[in-house]
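Enquirer: Before we start, here is the structure in question, set down as structure tokens.
Number of protein chains: 2
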Amino acid sequence: MKQSLPLSTVHINDSFWNRYTALIPNKVIPYQWEILNDRIPDAPPSCCLKNFRIAAGEETGERKGTVFQDSDAAKWLEAVAYSLAGKPDPQLEKTADDVIDLIGRAQEADGYLNTYFSLKYPGEKWKNLTEGHELYCAGHFIEAAAAYYETTGKKAFLAIVCRLADLICKTFGPAKDQIHGYPGHPEIELALVKLYRISGNRSYLDTAKYFVEERGQEPNYFIEEMKRPGFRRIFPEFSAYDPAYSQSHLPVRQQDTAEGHAVRAVYLYCAMADLAEIYSDKELLERCVILWNNIVQKRMFVTGSIGSSGFWERFTVDYDLPNDSNYSETCASIGLALFGLRMARITGDGSYIDTVERALYNTIRAGISLEGDRYFYVNPLEVWPENCIKHSSRSHVKPVRQKWFDCACCPTNEARTLTSLGQYIYFKNDNGLFINLFIQNETSFDLNGNSVNLSLTTDYPRTGKIRIAIKAREISFSLHIRIPGFADDFSAALNGKHINVEKQKGYITIDHIWDDDEVMVQFSLKPRLIYANPLVRQNCGKIALARGPEIYCLEETDNGGNLSALSLDPQSPLEEDWRPDLFGGTMVIKTRGKKLAQSKNPESFFEKNPPKPETAELSAVPYGLWGNRGAGEMLVWIRGM
Amino acid sequence: MKQSLPLSTVHINDSFWNRYTALIPNKVIPYQWEILNDRIPDAPPSCCLKNFRIAAGEETGERKGTVFQDSDAAKWLEAVAYSLAGKPDPQLEKTADDVIDLIGRAQEADGYLNTYFSLKYPGEKWKNLTEGHELYCAGHFIEAAAAYYETTGKKAFLAIVCRLADLICKTFGPAKDQIHGYPGHPEIELALVKLYRISGNRSYLDTAKYFVEERGQEPNYFIEEMKRPGFRRIFPEFSAYDPAYSQSHLPVRQQDTAEGHAVRAVYLYCAMADLAEIYSDKELLERCVILWNNIVQKRMFVTGSIGSSGFWERFTVDYDLPNDSNYSETCASIGLALFGLRMARITGDGSYIDTVERALYNTIRAGISLEGDRYFYVNPLEVWPENCIKHSSRSHVKPVRQKWFDCACCPTNEARTLTSLGQYIYFKNDNGLFINLFIQNETSFDLNGNSVNLSLTTDYPRTGKIRIAIKAREISFSLHIRIPGFADDFSAALNGKHINVEKQKGYITIDHIWDDDEVMVQFSLKPRLIYANPLVRQNCGKIALARGPEIYCLEETDNGGNLSALSLDPQSPLEEDWRPDLFGGTMVIKTRGKKLAQSKNPESFFEKNPPKPETAELSAVPYGLWGNRGAGEMLVWIRGM
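Here you go:
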């Protein structure tokens with residue numbers, strides 16, 4: 002079994018990612034703390050911490066915010082935990098300890114923990130699993146507590162969530178006196194697996210498995226739940242409930258396509274992968290492969306995002322990938338990365354990391370501003386700010402990052418992801434080490450009782466040169482280095498001498514007795530074209546630009562308005578232009594194409610004087626950086642000529 | 002002042018329109034009668050007539066259907082009235098009389114008439130003008146009664162609506178004891194003008210004017226109304242109300258752009274045009290021109306439809322014309338045609354009729370199946386049936402016409418429009434006659450005491466040959482014949498001799514002393530290309546096909562699947578193929594282009610083997626006829642090469 006290296010042992014210092022990771026302790030975590038305390042003007046009030054204080058009986062007032070508001074504090078604490086692993090900060094740790102204590106005081110005597118139901122509807126606990134999000138919030142509490150325990154060693158939070166988990170394990174299950182239900186929003190499942198791995202308490206694993214296996218059994222739990230007398234609907238838009246929304250349309254072992262709400266789907270699939278690994282359940286793993294392939298081949302945007310429909314934030318059908326009305330939630334890309342990480346770890350297939358990297362370098366990165374205090378929830382591939390108006394089919398698309406959201410799942414998810422980048426870089430097993438991502442860092446790990454120090458040096462993705470320096474005492478192990486799918490022309494050298502290595506399952510493998518050695522891997526990162534499958538109706542004849550793991554886009558700032566009028570000449574050379582001044586240093590791609598001349602005719606269509614294509618220069622920047630220079634048009638898929 | 006000729010004097014017998022108009026008395030009206038009586042299996046139950054019986058105290062049960070369900074009966078009666086004008090049918094007239102009697106019995110003693118409020122919320126009358134639709138329904142009752150009086154001469158229905166209108170005039174107005182409000186959904190305004198024209202009762206006109214002028218004054222009536230204690234919301238989606246939705250964001254005389262719900266907008270503009278005409282109000286007319294131009298130049302689809310956003314069924318911004326997620330409600334095109342008809346009549350400018358004709362021959366025609374019993378509510382310009390799934394951003398788009406709708410405004414509106422086509426054909430004033438549309442018919446009219454018989458013979462739009470035979474007794478008048486905007490090359494002949502005529506304000510004018518004369522007008526109807534303004538982001542580089550007043554589209558039946566993969570070569574000749582077997586005879590346009598070959602790669606995007614364009618034949622049919630051969634893809638705007 003492979004495992005990620007513990008976060009506290011992976012010290013990232015990377016020219017590319019520093020501009021985000023350095024923000025987290027200094028800017029993002031303090032900013033989000035202010036938000037959770039309702040101290041940022043003009044941002045939707047969170048009330049998140051206030052709700053806990055009311056539940057703890059320490060403040061009066063009405064519990065406010067979404068039904069799942071508690072989870073914002075949980076994800077913030079998870080981000081804090083990871084951040085403390087990278088950069089100790091006693092004052093921050095004290096603040097976190099205080100929040101954890103507060104959460105403990107807000108917990109009920111039997112372990113129940115949820116301010117929405119405790120305060121507003123105490124008689125309705127566990128009675129609206131469809132919409133209530135109690136188990137979802139519990140999952141985030143557990144993930145946060147697990148992270149906090151792993152990085153600080155402190156057990157107080159763990160004790161709180163174990164009481165909660167114990168209550169859940171007692172409440173849900175196959176026995177007659179248990180509820181035969183499962184959460185409307187998956188999350189508790191993967192969290193219970195984490196808690197099982199930390200605590201060894203088998204009942205957590207059993208309940209995770211129960212939740213996964215029970216989902217979609219007939220009669221559908223949610224449909225039946227809604228029929229019960231006294232059922233109180235929380236979200237009016239679900240009066241016509243479609244079980245596919247919560248992946249409960251079929252038992253998970255019969256599902257072939259990724260359906261419904263995209264975040265729910267990938268969180269569920271994470272748990273399925275975890276269970277497949279722990280139980281060596283080949284059937285369940287095969288199901289994960291089928292669902293993964295359906296997403297990645299047919300239902301994922303080139304930017305590594307998912308969720309084609311703004312309404313219900315959901316998957317739709319194969320090849321339906323609209324650029325300007327999609328949802329592509331930041332959280333969904335995070336879930337996709339977590340799912341891919343598990344699949345790569347379980348199967349040892351590095352091609353899963355291609356997608357993880359696609360999500361991280363593009364959509365997840367786009368989710369946060371370079372200042373750290375503005376966020377995208379929805380990640381379109383084409384934006385025309387003028388038509389992103391309220392109360393319209395495009396009201397979910399924001400042309401600029403926002404301070405916060407009424408439903409604010411993404412910003413804290415972004416924070417916990419950026420602080421836990423280290424978990425993606427390495428897998429270790431008894432025979433060696435896998436290097437997945439090229440993020441400069443230093444680490445040390447223990448291999449069968451022997452200590453190994455490793456230093457990875459790179460300016461990736463500016464270049465594809467990766468230097469791996471290993472210090473060990475004559476230890477034999479396999480070093481697996483991922484070669485990205487886009488890199489056809491890799492080469493490798495050991496201590497300065499070229500070595501012949503073959504790429505297998507996405508990695509090259511160097512078997513060696515390691516002492517004081519240096520590996521150099523190199524591959525080309527030249528700009529390239531990506532073609533849309535003509536089955537994607539929205540993109541027929543269109544081309545996207547990419548370089549390394551980064552997808553590029555056109556922005557109005559560089560190319561003028563009306564980007565859709567531009568077309569790209571696939572024969573024209575793609576030139577690289579390193580711009581140290583831009584976004585803290587980035588590669589710009591320049592090429593030539595045409596632009597349809599603006600018509601003198603004001604009419605939206607006409608019969609005379611067809612628009613004339615005129616020569617145009619195109620200048621593209623990484624999608625992950627779009628929208629950092631004010632509102633303007635943005636376009637990923639460009640018409641071919 | 003120009004007027005349309007009375008419907009009962011225009012006898013249509015037209016090879017193009019017969020396939021619809023002949024359906025109305027034989028199929029559409031009986032089918033809709035069955036619907037209104039809840040006798041069509043698998044169609045959403047209407048309960049419309051049942052509601053009236055309950056309100057009349059003749060049946061028990063719950064009042065069901067939308068808040069504006071009453072208006073379905075009104076529009077059905079209006080269609081019956083027009084149908085009786087064209088084709089007397091004593092049995093149908095008896096049925097209509099019975100319905101009118103029933104409506105009378107459902108009316109309250111003070112004239113109030115609305116089954117929703119009478120039965121369900123009698124204490125809330127006139128208290129939710131934002132959503133209540135009482136005035137909207139009243140408007141449709143009045144329009145129906147006016148039509149029924151005009152074609153049957155019977156006054157019973159008129160008496161009912163005059164009682165209702167009297168109550169409205171008493172209830173609404175500037176006096177202290179009156180409500181200073183106006184309807185959330187305009188319709189009563191144009192109806193009150195109609196009733197004024199029939200009755201001469203000035204208070205109807207005054208109240209119509211009050212409603213129009215009061216709209217948008219500060220403080221906004223709807224915003225204030227919603228704040229009142231006890232206000233009960235009917236539509237949850239309006240909790241964040243935007244006054245632009247109901248065109249109440251500004252006083253109408255300050256509005257420059259067509260905003261909000263498209264049907265509401267054009268119904269309001271109709272009333273504004275009526276008032277401008279009656280009061281010779283140049284400022285108000287100029288406002289109508291500004292709003293008209295904004296729609297037609299920048300916010301109208303090439304198929305003559307309006308409403309770019311599925312959510313809120315509304316206008317969005319200039320040049321935002323999405324093909325596959327638009328609303329383009331059938332009712333909105335009907336309203337646009339009614340607005341254009343008024344503008345042409347008032348200004349004498351035939352170019353307004355270009356748009357009326359565009360709406361009638363394309364979207365309004367598309368709204369009904371060739372069988373008469375299936376309807377489109379939403380009229381997309383691009384359909385991929387697979388992605389039109391429930392609970393998604395495209396759930397409003399139906400790839401096939403429907404039996405009926407929960408909100409069923411369009412089918413009865415379609416029926417009343419097709420039965421009143423005659424009103425669009427002619428305007429008469431003291432000096433002569435205007436011929437607007439080329440629909441074969443015979444008519445007779447009186448001009449300053451002299452009788453004129455006119456017979457218009459044509460197979461338009463198969464050809465552009467129009468023969469006008471006039472029989473009169475040496476009467477001098479001007480005959481104005483509209484030359485459509487697309488017809489550059491018209492010619493005219495009087496009694497076989499070519500005459501030189503100039504097109505002015507959309508018409509040619511022949512001044513003549515008419516006796517037994519024949520005018521021949523001819524223009525070319527060759528297929529042509531329409532280019533999208535590059536400002537329409539969704540259509541950059543795309544081309545549409547048209548011929549005469551008809552916009553064409555590609556259908557999967559003729560062109561195979563994945564229509565978006567096709568592109569059109571603008572240099573390739575456009576060939577006409579008359580197909581007598583198809584849809585009762587239609588012209589097909591054939592041309593050549595390319596189709597992107599289907600990829601062997603299942604992935605939605607890839608970096609090798611770009612899709613290859615292969616030669617393809619394109620075969621286009623009129624948009625108005627799409628979807629009459631089962632579900633399949635459809636596409637109006639085709640990529641250029």
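Here the protein sequences come in this chain order: A and B.
So for the first sequence, the numbering used here puts the first residue at 2; every next one is plus one.
So for the second sequence, the numbering used here puts the first residue at 2; every next one is plus one.
For every residue, glycine included, the Cβ atom is placed at its ideal position computed from N, Cα and C.
1) Take GLN256(A) as the anchor and find which of GLY217(A), ILE41(A), ASP243(A), PHE223(A) has the nearest alpha-carbon.
2) Just the Cα atoms here: how many angstroms apart are PHE232(B) and GLU260(B)?
3) Can you find a CB in chain B that lies within less than 8 Å of the CB of GLU94(A)?
4) Quick check: is the beta carbon of TYR118(B) nearer than 8 Å to any beta carbon in chain A?
5) Could you pull out every residue in the same chain whose Cβ sits closer than 7 Å to the Cβ of GLY373(B), ignoring the five residues on either side in sequence?
6) Name the two residues that bound the continuous alpha helix (DSSP H) containing ASP207(A).
7) Thinking C-alpha only, which one of ILE104(B), LEU371(B), GLU358(B) is nearest LEU438(B)?
8) Who does GLU618(B) pair with in a DSSP beta bridge?
9) To the nearest angstrom, how far is it from the Cα of CYS289(A) to the Cα of LEU130(B)?
10) Please report the residue range of the alpha helix (DSSP H) in which ASP512(B) lies.
11) From the DSSP output, which residues share a beta bridge with ASN454(A)?
12) For chain A, find out if any of its Cβ atoms is closer than 8 Å to the Cβ of GLU604(B); answer yes or no.
13) When you compare the CB positions of LEU422(A) and ILE440(A), do they come within less than 8 Å of one another, or not?
14) Taking the beta strand (DSSP E) that ASP578(A) falls in, what are its first and last residues?
15) Do the segment 560-569 of chain B and the segment 588-607 of chain A touch if we need at least three Cβ pairs shorter than 8 Å?
16) Within the same chain, show all residues whose beta-carbon is closer than 6 Å to that of ILE1(B), passing over the 5 residues directly before and after it, in chain order.
17) So, with DSSP's three-state summary, where would you put HIS134(A)?
18) Looking at GLY592(B): is its Cβ nearer than 8 Å to the Cβ of PRO612(B)?
19) Any Cβ of chain B within less than 8 Å of the Cβ of LEU480(A)?
20) What does the alpha-carbon distance come out to for the pair GLN599(A) and GLY549(A)?
21) Give, in chain order, every residue of the segment 528-543 of chain A whose Cβ lies closer than 9 Å to some Cβ of chain B.
22) Only counting the same chain, and skipping five residues up and downstream in sequence, which positions put a Cβ closer than 6 Å to that of HIS262(B)?
23) Any residues in the segment 547-567 of chain B with a beta carbon nearer than 7 Å to a beta carbon of chain A? Which ones, in chain order?
24) Which whole-angstrom value is the C-beta distance of PHE212(B) and TYR242(B), which I expect to be below 8 Å?
25) How would you list, in chain order, the residues of chain B whose beta-carbon sits under 7 Å from the beta-carbon of ASP350(A)?
26) Can you give me the start and stop residues for the alpha helix (DSSP H) that LYS51(A) sits inside?
27) For GLU314(A), report the span of its alpha helix (DSSP H) as first-last.
28) Counting only Cβ pairs nearer than 9 Å, list the residues of chain B close to PHE607(A).
29) Which residues in the same chain as LYS466(B) place their Cβ atom closer than 6 Å to its Cβ, once the five residues preceding and following it in sequence are excluded?
30) Kindly say whether VAL318(A), judged by its beta-carbon, lies nearer than 8 Å to any beta-carbon of chain D.
31) Since SER620(B) contacts GLY594(B) with CB under 8 Å, what's their CB separation in whole angstroms?
32) Against chain A, does GLU387(B) count as a neighbour if the rule is that its beta carbon must be under 8 Å from one of theirs?
33) Rank VAL81(B), ASN414(B), MET344(B) by C-alpha distance to the C-alpha of THR331(B) and give the top, closest one.
34) Can you confirm whether SER393(A), when its beta carbon is compared against all beta carbons of chain B, has any partner nearer than 8 Å?
35) Just to check my reading of the structure: GLY368(B) and LYS506(B) have Cβ atoms closer than 8 Å, yes? What is that Cβ distance to the nearest angstrom?
36) Would a C-beta distance cut-off of 8 Å place CYS541(B) and VAL637(B) closer than the cut-off?
Expert: Straight from the coordinates:
1) GLY217(A)
2) 26 Å
3) no
4) In the sequence as displayed, the identity of residue 118(B) is Phe instead of Tyr. It does not: the Cβ of PHE118(B) has no partner Cβ on chain A nearer than 8 Å.
5) LEU24, LYS28, VAL29, TYR32
6) 203-215
7) GLU358(B)
8) ARG593(B)
9) 53 Å
10) First-last for ASP512(B): 508-523, but that is the beta strand (DSSP E), not the alpha helix (DSSP H).
11) SER445(A), LYS472(A)
12) yes
13) yes
14) 576-580
15) no
16) In the structure as shown, chain B begins at 2 and stops at 642. Residue 1(B) is therefore absent and cannot be evaluated.
17) coil
18) At residue 592(B) the sequence reads Thr, which differs from the Gly that was named. No, Cβ-Cβ distance for THR592(B) and PRO612(B) is not below 8 Å.
19) no
20) 34 Å
21) ARG529, LEU530, ILE531, TYR532, ALA533, ASN534, PRO535, LEU536, VAL537, ARG538, GLN539, ASN540, CYS541, GLY542
22) TYR246, GLU314, ARG315
23) ASN563, SER565, ALA566
24) Not confirmed; about 19 Å, so no contact.
25) Going along chain B, no residue has its Cβ under 7 Å from ASP350(A), so there is no contact; the nearest lies around 16 Å.
26) 49-56
27) Run containing GLU314(A): none; DSSP gives neither H nor E here.
28) ILE531, TYR532, ALA533, ASN534
29) GLN523
30) Protein chains A and B are contained in the structure displayed, whereas chain D is not.
31) In fact, because the Cβ distance is near 11 Å, the residues do not count as touching under 8 Å.
32) yes
33) ASN414(B)
34) yes
35) That pair is no contact at about 30 Å.
36) no
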